[in-house]
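This report concerns only the one structure given below.
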Amino acid sequence: MSNEFRRGLEQRHVMMLSFGGVIGTGLFLSTGYTLQQAGPIGTVISYLVGALLVYIVMKCLGVLAVKHPDVGGFHTYANIYIHPSVGHVVAWSYWLCWTIAIGSEVTAGGILFQKWFPDFPVWLFSLIFIVIIIAVNMTSSRIYGEAEFWLSLIKVLAIIAFMLIGLLILFNVLPSSLEPVTAGEQLFDVPNGLFGIFITMLAVNYAFSGTELIAIAAGETKNPEHVIPKTIRATVWRLALLFIGTIVIMVLLLPTDQASLLESPFVSILDSVGIPYAGDMMNFIILTALLSAANSGLYAASRMLWSLAERDNILPVAKKLSKNGMPVNATVISLVGALLSLLSSVIAPTTVYLVLVSVAGFAVVVVWMSICLSRINQLKTTGVANRSSYILPVTGFTLCLISCIGVLFDPNQRLATLIGLPFCIIVGLIHYYVKYRKGHEIHEAAR
1 MSNEFRRGLE
11 QRHVMMLSFG
21 GVIGTGLFLS
31 TGYTLQQAGP
41 IGTVISYLVG
51 ALLVYIVMKC
61 LGVLAVKHPD
71 VGGFHTYANI
81 YIHPSVGHVV
91 AWSYWLCWTI
101 AIGSEVTAGG
111 ILFQKWFPDF
121 PVWLFSLIFI
131 VIIIAVNMTS
141 SRIYGEAEFW
151 LSLIKVLAII
161 AFMLIGLLIL
171 FNVLPSSLEP
181 VTAGEQLFDV
191 PNGLFGIFIT
201 MLAVNYAFSG
211 TELIAIAAGE
221 TKNPEHVIPK
231 TIRATVWRLA
241 LLFIGTIVIM
251 VLLLPTDQAS
261 LLESPFVSIL
271 DSVGIPYAGD
281 MMNFIILTAL
291 LSAANSGLYA
301 ASRMLWSLAE
311 RDNILPVAKK
321 LSKNGMPVNA
331 TVISLVGALL
341 SLLSSVIAPT
351 TVYLVLVSVA
361 GFAVVVVWMS
371 ICLSRINQLK
381 TTGVANRSSY
391 ILPVTGFTLC
401 LISCIGVLFD
411 PNQRLATLIG
421 LPFCIIVGLI
431 HYYVKYRKGH
441 EIHEAAR
């Protein structure tokens, strides 16, 4: 059996795969934390800076993905352009990030189902979720791409509808019980000054995380050298428009002091214009968002684990591909990891699970920093002397570093850096010691 992935994904599949990873429950359920910390105008600025950072990272990613259209994605780039031990850290951190996310999404899906069937246990609906996502991930890359395309499309259409309804309310076309926030002193109130914007940047980066899935999908994409750059450009501006458009509508319609009290700003706005069954519709959309995010998460985790097995010979059993070119064992192992993280969230939510979540959150920024640094080193390797070529990757790396430093001043997010950084250092040192100090051979990253 050939150990090659089949290139069955097209541009629309890759774009919606990225959307599936990015647009999750955080956007649908609440942006209260950022709004409370940074105020209306500060929240918009935070998301604009976040969109700029995503643009920079994706520009760097595009060049690297075209040069190395590999299933390992940024794990491969870090191996080649930084150090294999750094690539090892990036891969394990990212795998852990998505396995934890899968467990959380599956549990939330089970809880949402209880709105309609209160007498059924959460675990039963969670099991149904698991069966669906593993079935989709075991078929073929093309069928997976189609499923994710339609799941993500529902979320995108819901956001567009939300923005249109919000605009109609703002221009008094639709009658609403909401009173738009139009007073200057309210709009430009920044509760914690520039510091409030500073400490929310990591949370905003998390909101945009998932765009990097395009790099992982490059290894299963038709004509990656043509499709990947086009997909990155299209994805970045569409995501920026959807996120910033949604945030602008929210801050104009919802007072800052109410933000943390609202379960879903989407439901509040639909209810304000008297749309019947608003709660049920939004429940269905959020359920779709959860399924889509879990689906994207299992895809990312399984490919990253396969890449580790292929290059570092970690868990060799994870190398196996089905006759359809799908990493069956890596998918099953990743799902087991997700179930273990789910179990820890029930048994030890304030200890083990809290540590896992902190490491997972920090992993996103680690990945983005590795992409920027890989691009810097790629420029050096190819002998590029023009300083202007280094502006974007250096700026991206610096913004990510600022985000990590910023959360140290926020007790609600501090654990992400305090646990995430030591985790990365320990994993990197173990890999370096085992592979180098003890003379083990490292697989060649670029084949």
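If you count by the UniProt record's numbering, then the sequence shown holds residues 1 to 447, one letter each, in order. The beta-carbon is built from N, C-alpha and C at its ideal position, and this holds for glycine as well.
| Asked | Found |
| --- | --- |
| Extent of the continuous alpha helix (DSSP H) run through proline 84 | 84-113 |
| Contact under 8 Å by Cβ, glycine 420 with tryptophan 98 | no |
| Cβ-based burial, phenylalanine 171 [other Cβ within 10 Å; buried from 16] | exposed |
| Per DSSP, cross-strand counterpart(s) of leucine 9 | Thr221 |
| Through-space distance from leucine 373 to isoleucine 430, alpha-carbon basis | 22 Å |
| Cα-Cα separation between residue 503 and proline 84, rounded to whole angstroms | This structure leaves residue 503 out entirely; the chain is present only between 1 and 447. |
| Residue span of the alpha helix (DSSP H) that contains leucine 164, given as start and end | 141-170 |
| Glycine 383 versus valine 273 - alpha carbon distance | 60 Å |
| Distance between valine 364 and leucine 262 (C-alpha atoms, nearest Å) | Note that leucine 262 scores 46 on pLDDT, short of 50, meaning its location in the model is unreliable and no value can be drawn from it. |
| Close Cβ partners of methionine 356 (< 8 Å) along its chain, the five nearest in sequence each way excluded | According to the sequence as given, residue 356 is leucine; it is not methionine. These residues qualify, in order along the chain: Leu96, Ile100, Ser341, Ser344. |
| Nearest residue (CA-CA) to methionine 163, options Gln378, Val204, Leu252, Leu401 | Leu252 |
| Spatial distance of methionine 304 from proline 180 (CA atoms) | 45 Å |
| Burial state of glutamate 225 (16 or more Cβ within 10 Å) | exposed |
| Nearest-angstrom Cα separation, counted from isoleucine 232 out to phenylalanine 208 | 14 Å |
| Selected residue, minimal CA-CA separation from leucine 291, among Leu64, Val86, Val90, Val131 | Val131 |
| Coarse secondary structure for asparagine 79, derived from DSSP in three states | helix |
| First through last residue of the alpha helix (DSSP H) which encompasses isoleucine 286 | 278-312 |
| Chain B contact for glycine 145 (CB, 8 Å cutoff) | Among the chains in the structure shown there is no chain B, since it carries only a single protein chain. |
| Cβ-based burial, asparagine 205 [other Cβ within 10 Å; buried from 16] | buried |
| Alpha carbon of isoleucine 425 to alpha carbon of leucine 178, nearest angstrom | 50 Å |
| C-alpha gap between serine 389 and asparagine 295, whole angstroms | 36 Å |
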